[in-house]
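Using numbering that gives the first Met the number 0, read the sequence shown as starting at 0 and increasing by one per residue. Every residue, glycine too, gets a C-beta built ideally from N, C-alpha and C. The structure presented is a predicted model; accordingly, all values stated were derived computationally and were not measured.
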Amino acid sequence: MEIETENQMHEKDNHNPKNEMRRSWSQKGRQVTPLQIVPYGSVNTQVVPGTTPQAPATPGVEVRENIDAYSGAYRNPLGLVMFILHLLLALAGIGFFGFKGIQAALRKGSERFHIEHWYPQLVGAAAVAAIFSCVWQWIVVRRPVVMINGMLWASPALSFTAALLLISTSQPPCVGLGIVLLLFSVAQALYSCWVNSRINYASKLFPKALAPTTKFPDLQHPSYWVILIAFIWVCFWILGVVGAISQKYAALSVMAFILSLGWVMEVLRNVVNVTVARVLALFYLRGMQSNVNFSFERALTTSLGSISLGSILVPILEALRVLARALNLVGGEDEFFFSCAHCYLILMEHVFRFGNNWGFVQVATYGKGFVKAAKDTWSLLESRGLEPVINQDLTSSMCFLSGVASGSVCMIVAGSWTFATHKNLTATVSLLSFIIGYFMTRITMAMPQACVCAYYVCYAENPQNREFDSTISDRMRDFQGSSMV
Numbered sequence: 000m001e002i003e004t005e006n007q008m009h010e011k012d013n014h015n016p017k018n019e020m021r022r023s024w025s026q027k028g029r030q031v032t033p034l035q036i037v038p039y040g041s042v043n044t045q046v047v048p049g050t051t052p053q054a055p056a057t058p059g060v061e062v063r064e065n066i067d068a069y070s071g072a073y074r075n076p077l078g079l080v081m082f083i084l085h086l087l088l089a090l091a092g093i094g095f096f097g098f099k100g101i102q103a104a105l106r107k108g109s110e111r112f113h114i115e116h117w118y119p120q121l122v123g124a125a126a127v128a129a130i131f132s133c134v135w136q137w138i139v140v141r142r143p144v145v146m147i148n149g150m151l152w153a154s155p156a157l158s159f160t161a162a163l164l165l166i167s168t169s170q171p172p173c174v175g176l177g178i179v180l181l182l183f184s185v186a187q188a189l190y191s192c193w194v195n196s197r198i199n200y201a202s203k204l205f206p207k208a209l210a211p212t213t214k215f216p217d218l219q220h221p222s223y224w225v226i227l228i229a230f231i232w233v234c235f236w237i238l239g240v241v242g243a244i245s246q247k248y249a250a251l252s253v254m255a256f257i258l259s260l261g262w263v264m265e266v267l268r269n270v271v272n273v274t275v276a277r278v279l280a281l282f283y284l285r286g287m288q289s290n291v292n293f294s295f296e297r298a299l300t301t302s303l304g305s306i307s308l309g310s311i312l313v314p315i316l317e318a319l320r321v322l323a324r325a326l327n328l329v330g331g332e333d334e335f336f337f338s339c340a341h342c343y344l345i346l347m348e349h350v351f352r353f354g355n356n357w358g359f360v361q362v363a364t365y366g367k368g369f370v371k372a373a374k375d376t377w378s379l380l381e382s383r384g385l386e387p388v389i390n391q392d393l394t395s396s397m398c399f400l401s402g403v404a405s406g407s408v409c410m411i412v413a414g415s416w417t418f419a420t421h422k423n424l425t426a427t428v429s430l431l432s433f434i435i436g437y438f439m440t441r442i443t444m445a446m447p448q449a450c451v452c453a454y455y456v457c458y459a460e461n462p463q464n465r466e467f468d469s470t471i472s473d474r475m476r477d478f479q480g481s482s483m484v
């Protein structure tokens, strides 16, 4: 972390602060020295230029760190190098298999590979996903309370519809895929019923977390640009996947392409995440209206290494953590199995603190490396007693279900198109369409998820901030008064 003197030198030499941020109307009457946080509600808020005020700290509130507003240092360069090498390798694979696919399509006779039977439907699915994701985000931001139930129930309904359509084809691959999707839709519906008691709290918190977005009319623009980048990448990616299907070991090649797409899409999603988190963190902690384009530029440059590393760690650790919790719940009466499941859960809870989605807030705000940011953020949330609250938060589930809903829509569109033209390709095209739709919508849903993450983390740093009400503290008291803690 750079010291305050270095940050001031960056401010003078490398950047014009007028272009980066401007004070909100509530802060104009109070002068604050650069990169110093003054807790709301402190006794003495007057600052003498050139000195550091010694305001009495609020009981239980740790002093925050310097906000990394001007530092140009790159974090986690190894993660950035790995991601760039992966992109080059992916481009090489796309070029090679795309060429092989086109070459096979130019053959004559029965050995000809009809690339035109695959490509239009998959590109159409990507276009549908791009439109759906932008419209879905727009509705969520403007009608958050209504969309809580919408996100929880639209996904199982659309998944169920897609499953019925696949089963109705009577083709064995489609029927198998349809049965899996049908069971998945039932599981989603049961989950939506199970979390019904949490909807009341979500209906209070979600609108409050999204409220500051009205002060930044262009806060959604980065997600639109990233969706455009994702659409272009997917169009090239499809060429490689379809070409790989025409070659030997197609399943292995396609799996590698899917994993590659997952990492690229996670990086793009977290670029939006870090951009939004930085804008809102500066607003909560400093009362500043940060320039969205500047934050977007930082996410694509100095923070990209941390984003790349976090984008590969977080999905893996979160999946392992969910598995550990599931095993712990079904441990049953077998003492040995229960002990193993409990030990595994304790291990994953410990490892999770080094790679969690909450760390992206401090990556954005303080310019930390991802692992340190994740560890510090989780320790901060634990010290405030917020762990049970955030573990019961529905935001990540709603974003996941939004992705599933988008994937189901793309599956319905592309699957129906393929069944009407080339029935034998329906199952494969439907599955790839679902994957494309899921990842595309997760990108735009990073914006509301970042709003919620920033709200929690900034609350943990300064609960006395006037931007926060009693919603979280009331929820904490509910947990303290129940057996869930």
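How far does the alpha helix (DSSP H) with residue i in it reach, from first residue to last?
i: residue 444; result: Here residue 444 belongs to no alpha helix (DSSP H), and DSSP marks it neither H nor E.
i: residue 479; result: 470 to 479
i: residue 375; result: 369 to 382
i: residue 327; result: 303 to 328
i: residue 358; result: 358 to 365
i: residue 386; result: 386 to 390
i: residue 242; result: 220 to 244
i: residue 206; result: 198 to 209
i: residue 216; result: It is not in any alpha helix (DSSP H) - residue 216 carries neither H nor E in the DSSP assignment.
i: residue 351; result: 334 to 351
i: residue 105; result: Here residue 105 belongs to no alpha helix (DSSP H), and DSSP marks it neither H nor E.
Less than 8 Å between the CB atoms is what I'm expecting for residue i and residue j, so what's the real figure, rounded?
i: residue 225; j: residue 271; result: 5 Å
i: residue 440; j: residue 135; result: 6 Å
i: residue 450; j: residue 275; result: 6 Å
i: residue 416; j: residue 123; result: 7 Å
i: residue 438; j: residue 264; result: 4 Å
i: residue 360; j: residue 456; result: 4 Å
i: residue 117; j: residue 430; result: That belief does not hold up - the Cβ atoms of residue 117 and residue 430 are roughly 12 Å apart, past 8 Å.
i: residue 164; j: residue 406; result: 14 Å between Cβ atoms; not a contact.
i: residue 219; j: residue 446; result: 6 Å
i: residue 198; j: residue 397; result: With 8 Å as the limit, residue 198 and residue 397 do not qualify as a contact, their Cβ atoms being about 10 Å apart.
i: residue 390; j: residue 452; result: With a Cβ gap of about 14 Å, residue 390 and residue 452 do not count as contacting.
i: residue 388; j: residue 474; result: 5 Å
i: residue 350; j: residue 316; result: 6 Å
i: residue 233; j: residue 302; result: About 24 Å separates the two Cβ atoms, so there is no contact after all.
i: residue 401; j: residue 150; result: 5 Å
i: residue 266; j: residue 310; result: 5 Å
i: residue 133; j: residue 223; result: 6 Å
Give the range of the beta strand (DSSP E) segment to which residue i is assigned.
i: residue 288; result: 287 to 289
Find out if the Cβ-Cβ distance for the pair residue i, residue j is shorter than 7 Å.
i: residue 336; j: residue 168; result: no
i: residue 259; j: residue 89; result: yes
i: residue 306; j: residue 273; result: yes
i: residue 191; j: residue 152; result: yes
i: residue 209; j: residue 140; result: yes
i: residue 364; j: residue 280; result: yes
i: residue 239; j: residue 93; result: yes
i: residue 188; j: residue 155; result: yes
i: residue 327; j: residue 344; result: yes
i: residue 131; j: residue 403; result: no
i: residue 161; j: residue 435; result: no
i: residue 257; j: residue 121; result: no
i: residue 358; j: residue 372; result: yes
i: residue 458; j: residue 442; result: no
i: residue 211; j: residue 282; result: yes
i: residue 143; j: residue 206; result: yes
i: residue 366; j: residue 312; result: no
i: residue 261; j: residue 75; result: no
i: residue 384; j: residue 73; result: no
i: residue 125; j: residue 230; result: yes
i: residue 166; j: residue 179; result: no
i: residue 78; j: residue 308; result: yes
Could you tell me whether any non-hydrogen atom of the ligand ATP is closer than 6 Å to the CB of residue i?
i: residue 164; result: This structure does not include the ligand ATP; it has no bound ligands of any sort.
Please specify which runs of the alpha helix (DSSP H), each continuous and at least 4 residues long, are wholly inside the segment 122 to 195, giving them in chain order.
143 to 167, 171 to 193
Using a Cβ distance threshold of 8 Å, determine whether the segment 292 to 305 contacts the segment 234 to 253, with at least three qualifying pairs required.
no
Mind the definition here: the segment 93 to 107 touches the segment 170 to 183 only if three or more C-beta pairs lie below 8 Å; say whether that holds.
no
For the segment 402 to 471, which segments carrying the alpha helix (DSSP H) assignment without a break, of at least 4 residues, lie completely within its bounds, in sequence order?
425 to 443, 445 to 460
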